[in-house]
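Novice: Below you'll find the structure I mean.
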Amino acid sequence: MEYVVEVKNLTHYYGSKKVHENLNFNIKKGSIFGLLGKNGTGKTTTINILNGFLKPKSGQCLILGEDSYKLSPKTKSQIGFLIEGHIQYSFMNIIQIEKYYSQFYPQWKKDVYYDLMSKLKVLDNQKISKMSCGQRSQVTLGLLLAQDPDLLILDDYSMGLDAGYRRLFLDFLKEYGKAENKTIFITSHIIQDLDGFLDDCVILDYNGVVLQMPIDEFKNTFKMYQFNTNQTELISKDGVINNFEIIKNKATVYSFNDIENVQNHLRTKGVNFTDFKDHKMDLEDAFIGLTGKY
Amino acid sequence: MYKALAYKEWIKIRWWAVGSLILELLFLIYIFTNLRAVIEYNSAEMIWSSVVYKSYMFFQSLKYVPFVIGIFISVAQYLPEVLDMKLKLTMHLPLEENRVLLFLNLFGTTILLLLFIPLVAVLVIGSSIVFPSEITYAMIISIIPWFLSGFLSYFFVSAIMIEPAWSRRLVIAIIGFFLINEFLVDVILGGFIKIIVVLIVFTLLYNYAHMLSGLRFKRGSK
Chain P
1 MEYVVEVKNL
11 THYYGSKKVH
21 ENLNFNIKKG
31 SIFGLLGKNG
41 TGKTTTINIL
51 NGFLKPKSGQ
61 CLILGEDSYK
71 LSPKTKSQIG
81 FLIEGHIQYS
91 FMNIIQIEKY
101 YSQFYPQWKK
111 DVYYDLMSKL
121 KVLDNQKISK
131 MSCGQRSQVT
141 LGLLLAQDPD
151 LLILDDYSMG
161 LDAGYRRLFL
171 DFLKEYGKAE
181 NKTIFITSHI
191 IQDLDGFLDD
201 CVILDYNGVV
211 LQMPIDEFKN
221 TFKMYQFNTN
231 QTELISKDGV
241 INNFEIIKNK
251 ATVYSFNDIE
261 NVQNHLRTKG
271 VNFTDFKDHK
281 MDLEDAFIGL
291 TGKY
Chain R
295 MYKALAYKEW
305 IKIRWWAVGS
315 LILELLFLIY
325 IFTNLRAVIE
335 YNSAEMIWSS
345 VVYKSYMFFQ
355 SLKYVPFVIG
365 IFISVAQYLP
375 EVLDMKLKLT
385 MHLPLEENRV
395 LLFLNLFGTT
405 ILLLLFIPLV
415 AVLVIGSSIV
425 FPSEITYAMI
435 ISIIPWFLSG
445 FLSYFFVSAI
455 MIEPAWSRRL
465 VIAIIGFFLI
475 NEFLVDVILG
485 GFIKIIVVLI
495 VFTLLYNYAH
505 MLSGLRFKRG
515 SK
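Residue numbers (my numbering), protein chains in the order written: chain P, 1 to 294; chain R, 295 to 516.
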């Protein structure tokens, strides 16, 4: 198996605050990988470490076989990097910025950039600072695709974008990733958009990695069950129940176990239930079910 | 690739550089108009006496101009880079980070040189027309520290902006304030003659303050 990104025992602290402890994951070449988690779970910190903008306390990150903290210019040219909020040189216009970046990447695809720019209703001399967030996102996307990198690292591409621009962004990315066998590493706080987009994911919460598996496996195996019970106080997280919610006498439990296992488990805990139902979940429901609403 | 970097830096700096040039021009007009008025309304002996015994410096009003221009160029060059952490984009380019930082610094320093050289040239030519070479020479010695303060303000303000830690920013600002102050003290005409080499060496040394802050930014230091 060829890995483009290898994260080994990554540990990082901000002062005494733990961000990651022994974080491990690998990203396969040609896959679309999502790092999902609520705000403050260390997604941007991970991106900063992967791009060499932060030295981890311990552990190692290999990007295209090189230590992420000492990336060579050649390796950096193979990585496309989107900073959270579609940050770009806002003092430039779309012509200037293309002229600038094209000098750094030998395989630069000018046509790809201008194809995308032709869809935008912006003037050639309009500064990026005068564009809407959606338009800015298209400029950054155009630059990334023109760079033609082997690995795209996208830190919260969805920030500030409306539904249309988010969809447009992902549609272009998906086509690019699949057609060119490129690897995409993406973080986002809008999980529903990534349903059907990701191949693999890591889900983080404040205590570290909650889950690491292919996205289809997660959606197929993680279940939500709802039932009525009067013994709500007996329900708790354990090896079978990953998470639960109680509203009056209505209980919702989340589990990787099938319906029979969960029912048997509840009986052994002394929970009597009625109206037990298995509910289908989309990726966002599953994410919230796993990590909780708070 | 470095040509492209220079292109980006020029886009940021150009209007500030033009503004600085206009500022210099206004000061030159003021200085020479003033000098002409002094020559017209006073006798040659009186002017001589003022220059030789009272260290009259007809160019005195220029004192803080290089210092201010150094700040202008630094802000023009680095503020757009540090807003929204855009420096990350520059650091992510397929180039060695140290070289990128050195190049940015070299570019700003070159712009300052290009802004300062014509100013000094006009002053020297103007002074040579009115005064003997000894006084022009003393004037050059007097203004060198002022122009060095322009480079220093550029180096220090750049370092303050790039530096990621507020505590270190404060330390850099304090060092910069006291050091630049030494370059701007009032002395007699040509009074810096004995320490001018030391001042130049100091200026060159502090060039690296910006490099250290840049590398700390890259490391993600807090």
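All residues carry an ideal CB built from backbone N, CA and C; glycine is no exception.
In this text the structure is predicted, and so the values were computed from the model without any measurement.
Compare the beta carbon distance of Val-359 (chain R) and Phe-326 (chain R) with 8 Å and say whether it is the shorter of the two.
Specialist: no
Novice: Can you have a look at Glu-375 (chain R) and say buried or exposed, based on whether 16 or more other CB atoms are within 10 angstroms of its CB?
Specialist: buried
Novice: Buried or exposed: where does Lys-248 (chain P) fall if 16 or more other Cβ atoms within 10 Å of its Cβ makes it buried?
Specialist: With fewer than 16 other Cβ atoms from the protein chains shown falling within 10 Å of its own Cβ, Lys-248 (chain P) counts as exposed.
Novice: Check the Cβ-Cβ distances between Gly-313 (chain R) and every residue of chain P, and say whether any is below 8 Å.
Specialist: Chain P contact via Cβ: absent.
Novice: Closest to Leu-473 (chain R) by CA distance: which of R:Ser-447, R:Asp-480, R:Ala-459 is it?
Specialist: Nearest of R:Ser-447, R:Asp-480, R:Ala-459 to Leu-473 (chain R), Cα basis: R:Ser-447.
Novice: With DSSP run on the structure shown, which of helix, strand or coil describes Ile-79 (chain P)?
Specialist: strand
Novice: Whole angstroms are fine: how far does the CA of Ala-300 (chain R) sit from the CA of Val-414 (chain R)?
Specialist: 25 Å
Novice: Anyone know if the C-beta pair for Lys-43 (chain P) and Tyr-3 (chain P) falls short of 8 Å?
Specialist: no
Novice: Given a threshold of 16 other Cβ atoms within 10 Å of its Cβ, counted over all protein chains shown, does Asn-220 (chain P) qualify as buried or as exposed?
Specialist: exposed
Novice: Determine the DSSP secondary structure at Ala-459 (chain R), reduced to helix, strand or coil.
Specialist: In the structure shown, Ala-459 (chain R) sits in coil (DSSP, three-state: anything other than H, G, I, E or B).
Novice: Below 8 Å, how does it come out for the region 248-263 of chain P and the region 212-228 of chain P: are there three or more Cβ pairs, yes or no?
Specialist: yes
Novice: Would you say the region 276-292 of chain P touches the region 374-389 of chain R, given that touching needs at least three Cβ pairs under 8 Å?
Specialist: no
Novice: Mind checking Ile-79 (chain P): buried by the 16 CB within 10 Å criterion, or exposed?
Specialist: It is buried - the Cβ of Ile-79 (chain P) has at least 16 other Cβ atoms within 10 Å.
Novice: Going by DSSP in three states, Lys-55 (chain P) sits in which element: helix, strand or coil?
Specialist: coil
Novice: Excluding sequence positions up to five away, which residues of its chain have a Cβ less than 6 Å from the Cβ of Phe-477 (chain R)?
Specialist: Taking C-beta separations shorter than 6 Å and ignoring five residues to either side along the sequence, the partners of Phe-477 (chain R) in its chain run Pro-439, Leu-442, Ser-443, following chain order.
Novice: May I ask which residues mark the beginning and end of the alpha helix (DSSP H) holding Ile-316 (chain P)?
Specialist: Residue 316 (chain P) lies beyond the residue range present for chain P, which begins at 1 and ends at 294; the question has no answer from this structure.
Novice: Quick one: which chain R residues come within Cβ less than 7 Å of Pro-73 (chain P)?
Specialist: Pro-388, Leu-389, Glu-390
Novice: Any C-beta of chain P sitting closer than 8 Å to the C-beta of Met-295 (chain R)?
Specialist: yes
Novice: Among P:Leu-123, P:Tyr-14, P:Asp-148, P:Ala-251, which one has its Cα closest to the Cα of Met-92 (chain P)?
Specialist: For the residues P:Leu-123, P:Tyr-14, P:Asp-148, P:Ala-251, the minimum Cα distance to Met-92 (chain P) belongs to P:Leu-123.
Novice: So with CB distances below 9 Å, who are the chain R contacts of Asn-207 (chain P)?
Specialist: Simply none; closest approach about 23 Å.
Novice: Considering only DSSP beta bridges, list what Glu-318 (chain R) is partnered with.
Specialist: None, per the DSSP bridge assignment.
Novice: Here's a check: name, in chain order, each residue in its chain whose Cβ is nearer than 7 Å to the Cβ of Gly-134 (chain P), leaving out the five neighbours to either side.
Specialist: Taking C-beta separations shorter than 7 Å and ignoring five residues to either side along the sequence, the partners of Gly-134 (chain P) in its chain run Leu-161, Asp-162, Tyr-165, following chain order.
Novice: Need the endpoints of the alpha helix (DSSP H) that Ser-188 (chain P) sits in, please.
Specialist: That residue, Ser-188 (chain P), is in no alpha helix (DSSP H); its beta strand (DSSP E) goes 183-188.
Novice: Helix, strand or coil: how does DSSP classify Lys-29 (chain P) here?
Specialist: Secondary structure of Lys-29 (chain P) (DSSP, three-state): coil.
Novice: So for Val-5 (chain P), helix, strand or coil by DSSP?
Specialist: strand
Novice: Could you tell me whether the region 193-206 of chain P touches the region 18-32 of chain P, where touching means 3 or more Cβ pairs closer than 8 Å?
Specialist: yes
Novice: By alpha-carbon positions, which one of R:Met-455, R:Leu-409, R:Leu-398, R:Leu-387 ends up nearest to Leu-373 (chain R)?
Specialist: R:Met-455
Novice: With distances taken between CB atoms, is the gap from Ser-58 (chain P) to Thr-11 (chain P) smaller than 8 Å?
Specialist: A contact, by the Cβ cut-off of 8 Å.
Novice: If we require 4 or more residues per run, which alpha helix (DSSP H) segments fall completely within the region 321-371 of chain R?
Specialist: 338-348
Novice: Counting only beta-carbon separations shorter than 8 Å, does Lys-17 (chain P) have a partner in chain R?
Specialist: Taking Cβ atoms only, chain R never reaches closer than 8 Å to Lys-17 (chain P), which makes this a no.
Novice: Do Gln-522 (chain R) and Lys-306 (chain R) have their C-beta atoms within less than 8 Å of each other?
Specialist: Chain R is shown only over 295 to 516; residue 522 (chain R) falls outside these bounds and no answer can be derived.
Novice: Put Gly-40 (chain P) into one of helix, strand or coil per three-state DSSP.
Specialist: DSSP places Gly-40 (chain P) in coil when its eight states are reduced to three.
Novice: Just curious, the alpha helix (DSSP H) that Asn-399 (chain R) is in, first and last residue?
Specialist: 391-424
Novice: Please confirm if the region 199-207 of chain P is in contact with the region 265-280 of chain P, defined as three or more CB-CB distances below 8 Å between the two stretches.
Specialist: These segments do not touch.
Novice: Counting pairs of beta carbons, one from the region 82-97 of chain P and one from the region 147-161 of chain P, are three or more of them closer than 8 Å?
Specialist: A contact exists between the region 82-97 of chain P and the region 147-161 of chain P.
Novice: So, under 8 Å CB-CB, Leu-211 (chain P) and Thr-183 (chain P) are touching, yes? Tell me the CB distance rounded to an integer number of Å.
Specialist: Rounded, the Cβ-Cβ distance is 20 Å, inconsistent with contact.
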